[in-house]
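Colleague: Handing you a structure now.
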Amino acid sequence: MMAGGGHAHDHARTATGRHRGRLAAVMAITLSIAAGEIAGGVLSGSLVLLADAAHMAADAAGVGLSLLAAHFASKPATLRRTFGYARAEILAATANALLLLGMATFILVEAARRLGAPPPVSTGVMVVFGCIALAGNGASLILLRQAQAESMNARGAFLEVASDTFGALAVLVTAAIITVTGFTLADPIASLAVGVLILPRTWRLLRDTVDVLLEASPRGMDLSEVRRHMTGLDGVIDVHDLHAWTITSGLPVLSAHVVVDPGTLASGCGPGILDQLQECVRGHFDVAHSTFQIEPAGHADHEPSVHD
5 MMAGGGHAHD HARTATGRHR GRLAAVMAIT LSIAAGEIAG GVLSGSLVLL ADAAHMAADA
65 AGVGLSLLAA HFASKPATLR RTFGYARAEI LAATANALLL LGMATFILVE AARRLGAPPP
125 VSTGVMVVFG CIALAGNGAS LILLRQAQAE SMNARGAFLE VASDTFGALA VLVTAAIITV
185 TGFTLADPIA SLAVGVLILP RTWRLLRDTV DVLLEASPRG MDLSEVRRHM TGLDGVIDVH
245 DLHAWTITSG LPVLSAHVVV DPGTLASGCG PGILDQLQEC VRGHFDVAHS TFQIEPAGHA
305 DHEPSVHD
């Protein structure tokens, strides 16, 4: 006997899809800042300003990928793609993380090269564009504050904007140091700091997306605890072939083979067991989409012993 839970769940309504308007606004802000910082970096000769501009451009591209993924994720499921294009969101988040990792590497290499011979910079131009970047990043953080708690892509964008904010602060602090002391090495040193700040956040995002692509158990879900809850139900003897994974942000799924007492099956209580199982994983583990195979004791002897 098979059963799928959460059939009313709309796979197309992904977390990113609910926040497309905010992501579009953030992308417009980020592109505007990047364009301004490129001009400012060329005028001032500042590496930290150019580095922050390149970072902002990469972030804008990442948000654009997120929006594209949200568009595809909104397409309905088909017989060939039974979850629709929801996984496109995770693919975009992975590309976003890899892009950001590449930009961080570029910043670090270029900053190390300039440590040997730092060029002169115009601090007045740095201050103007640093202030513009700081204000724009602040607005983007406000826009993404709620969305980042619900969507992996929005969280990636939020982390990138947060690191951009540090970049804008680095521009302003660097300009102040050079103005007061004439210490031009502050520019490549600040660029190194920007690159280092990017790496931990990028690594966390990349790790999370790879976990989804490898179909690891959802973060925070202990399958031994899931099994304990399920076997605690009346009539349930054992649970095996228990799997849980994430399709996209906010869409965990679970499947299992559930061994039920023969008397319970003979009495026609199978549908009631299914209801209890679905309510158990939905209520305790926030899994709205679950599939269970109800079977009598001994049935597992006829199945390939691939999983526990």
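Take 5 as the starting number for the sequence shown in the working numbering and just add one per residue.
Glycine residues also receive a C-beta, built at the ideal position from the N, C-alpha and C atoms.
Buried or exposed, going by whether 16 or more other CB atoms sit within 10 Å of the CB of aspartate 14?
Modeller: For the purposes of this step, residue 14 is identified with residue 10 of the sequence shown, where counting begins at 1. Its pLDDT being 45, under 50, aspartate 14 is placed unreliably by the model, and the measurement read from it follows with that caveat. Its Cβ having fewer than 16 others within 10 Å, aspartate 14 is exposed.
Colleague: DSSP on proline 300, reduced to helix/strand/coil?
Modeller: Counted from its first residue, the sequence shown places residue 300 at position 296. Three-state result, proline 300: strand.
Colleague: Using the DSSP secondary-structure output, state which residues sit across from aspartate 242 in a beta bridge.
Modeller: Indexing the sequence shown from 1 puts residue 242 at position 238. Val263, per the DSSP bridge assignment.
Colleague: Does the pairing of the segment 214-226 with the segment 132-140 give three or more beta-carbon distances under 8 Å?
Modeller: no
Colleague: Identify, in the order they occur along the chain, each residue of the same chain with its Cβ nearer than 7 Å to the Cβ of isoleucine 298, setting aside the five sequence neighbours on each side.
Modeller: Taking the first residue of the sequence shown as 1, we reach residue 298 at position 294. The residues are Met5, Val262, Val264, Gly274, Ile277 and Leu278.
Colleague: Would you call the segment 112-129 and the segment 42-59 in contact, with 3 or more CB pairs under 8 Å?
Modeller: Yes, the segment 112-129 touches the segment 42-59.
Colleague: If I measure Cβ to Cβ from leucine 189 and keep anything under 8 Å in the same chain, skipping five residues before and after, which residues do I get?
Modeller: Translated into positions along the sequence shown, residue 189 becomes position 185. Leu119 and Pro122.
Colleague: With a CB to CB cut of under 8 Å and the five nearest residues on each side skipped, what residues in its chain are close to isoleucine 317?
Modeller: Absent from the model: residue 317. The displayed extent of the chain is 5 to 312, so no value can be given.
Colleague: For histidine 15, which three-state DSSP category applies?
Modeller: Numbered from 1 along the sequence shown, position 11 holds the residue referred to as residue 15. Per-residue confidence for histidine 15 stands at a pLDDT of 41, beneath the threshold of 50, marking its modelled position as unreliable; the derived number appears in the next sentence. The three-state secondary structure of histidine 15, taken from DSSP, is coil.
Colleague: Is it the case that the Cβ atoms of glutamate 93 and threonine 252 are separated by a distance below 8 Å?
Modeller: Along the sequence shown, read from residue 1 onward, the residue named residue 93 stands at position 89. Along the sequence shown, read from residue 1 onward, the residue named residue 252 stands at position 248. The answer is yes: Cβ separation under 8 Å.
Colleague: Answer yes or no: do histidine 233 and valine 257 have a C-beta to C-beta separation smaller than 8 Å?
Modeller: The sequence position of residue 233 within the sequence shown is 229, counting from 1. The sequence position of residue 257 within the sequence shown is 253, counting from 1. Going by C-beta atoms, histidine 233 is not nearer than 8 Å to valine 257.
Colleague: Using the Cβ count rule (16 or more neighbours within 10 Å means buried), how would you classify glutamate 41?
Modeller: Working through the sequence shown from its first residue, we reach residue 41 at position 37. Buried, since its Cβ has 16 or more Cβ neighbours within 10 Å.
Colleague: Between glycine 8 and valine 291, what straight-line distance do the alpha-carbon atoms span, to the nearest angstrom?
Modeller: Position 4 of the sequence shown, counting from 1, holds the residue named residue 8. Position 287 of the sequence shown, counting from 1, holds the residue named residue 291. Summary for glycine 8: the model assigns pLDDT 49, below 50, so the residue's position carries little reliability; its value from the coordinates is reported in the next sentence. Roughly 12 Å separates the two Cα atoms.
Colleague: In this structure, what does DSSP give as the bridge partners for serine 48?
Modeller: In the sequence shown, the residue the question calls residue 48 occupies position 44. According to DSSP, serine 48 bridges with nothing at all.
Colleague: Look at the Cβ atom of aspartate 56, then the Cβ atom of valine 129, and state whether they are nearer than 8 Å.
Modeller: What you label residue 56 is simply residue 52 of the sequence shown in a count that begins at 1. What you label residue 129 is simply residue 125 of the sequence shown in a count that begins at 1. No, the pair does not count as a contact, with Cβ atoms beyond the cut-off.
Colleague: Pop quiz: glycine 160 and asparagine 100 are said to be a contact at Cβ under 8 Å. What is the actual Cβ separation, rounded to whole angstroms?
Modeller: Translated into positions along the sequence shown, residue 160 becomes position 156. Translated into positions along the sequence shown, residue 100 becomes position 96. Yes, glycine 160 and asparagine 100 are in contact; Cβ-Cβ is about 5 Å, under 8 Å.
Colleague: Give me the Cα-Cα distance between alanine 197 and threonine 213, rounded to the nearest whole angstrom.
Modeller: The sequence position of residue 197 within the sequence shown is 193, counting from 1. The sequence position of residue 213 within the sequence shown is 209, counting from 1. A straight-line Cα-Cα distance of about 25 Å links alanine 197 and threonine 213.
Colleague: Just reading off the alpha helix (DSSP H) that glutamine 152 is part of, what are its end residues?
Modeller: Mapped onto the sequence shown, residue 152 falls at position 148. Judged by DSSP secondary structure, glutamine 152 falls outside any alpha helix (DSSP H); it is assigned neither H nor E.
Colleague: On a Cα-Cα basis, can you pick out the residue from Phe289, Lys79 and Ala97 that is closest to leucine 227?
Modeller: The residue given as residue 227 occupies position 223 in the sequence shown. Check the Cα spacing between leucine 227 and each of Phe289, Lys79 and Ala97: the tightest is with Phe289.
Colleague: Does the beta-carbon of serine 167 have 16 or more other beta-carbons within 10 angstroms, so that it is buried, or is it exposed?
Modeller: By 1-based counting over the sequence shown, the position of residue 167 is 163. When all chains shown are included, serine 167 counts as buried.
Colleague: By the DSSP assignment, the alpha helix (DSSP H) with alanine 108 in it spans what residues?
Modeller: Here residue 108 corresponds to residue number 104 of the sequence shown, with the count starting at 1. Per DSSP, alanine 108 is one residue of the alpha helix (DSSP H) stretching across 92-118.
Colleague: Using a 10 Å radius around the Cβ and a threshold of 16 neighbouring Cβ atoms, would you call isoleucine 146 buried or exposed?
Modeller: One-based indexing of the sequence shown puts residue 146 at position 142. Exposed.
Colleague: Assuming leucine 363 contacts leucine 210 (C-beta within less than 8 Å), just tell me the rounded distance between them.
Modeller: Outside the modelled stretch of the chain, which goes from 5 to 312, sits residue 363, for which no answer is possible.
Colleague: Rounded to a whole number of angstroms, what is the C-alpha to C-alpha distance between alanine 143 and alanine 96?
Modeller: Working through the sequence shown from its first residue, we reach residue 143 at position 139. Working through the sequence shown from its first residue, we reach residue 96 at position 92. Answer to the nearest angstrom: the Cα atoms are 23 Å apart.
Colleague: In this structure, how does DSSP classify proline 256 when only helix, strand and coil are distinguished?
Modeller: Taking the sequence shown and counting its residues from 1, one reaches residue 256 at position 252. Three-state result, proline 256: strand.
Colleague: Alanine 139 to leucine 255, Cα distance in whole Å?
Modeller: In the sequence shown, residue 139 corresponds to position 135, counting from 1. In the sequence shown, residue 255 corresponds to position 251, counting from 1. Between alanine 139 and leucine 255, the C-alpha separation is close to 34 Å.
Colleague: Any idea which residues DSSP pairs alanine 248 with across the strands?
Modeller: Counting from one through the sequence shown, the residue named residue 248 turns up at place 244. Note: alanine 248 sits in a beta bridge opposite Leu258.
Colleague: Within the same chain, show all residues whose beta-carbon is closer than 8 Å to that of leucine 102, passing over the 5 residues directly before and after it, in chain order.
Modeller: In the sequence shown, residue 102 corresponds to position 98, counting from 1. Leu210.
Colleague: Tell me whether leucine 203 counts as near the ligand ZN, meaning its Cβ is closer than 7 Å to at least one heavy atom of that ligand.
Modeller: Absence of the ligand ZN is noted for the structure shown, with no ligands found whatsoever.
Colleague: Comparing C-alpha positions only, which one of His244, Gln282, Trp249 and Leu237 sits nearest to threonine 268?
Modeller: Numbered from its first residue, the sequence shown carries residue 268 at position 264. It is Leu237 whose Cα lies nearest to the Cα of threonine 268.
Colleague: Kindly indicate which residue of Thr178, Gly44, Leu201 and Leu27 has the alpha-carbon position closest to the one of valine 67.
Modeller: Here residue 67 refers to the residue found at position 63 when the sequence shown is read from its first residue. For the residues Thr178, Gly44, Leu201 and Leu27, the minimum Cα distance to valine 67 belongs to Leu27.
Colleague: Could you name the residues of the same chain whose beta carbon sits closer than 6 Å to that of threonine 178, not counting the 5 residues immediately before and after it, in chain order?
Modeller: Within the sequence shown, the letter at position 174 stands for residue 178. Val52, Ala190, Asp191 and Ala194.
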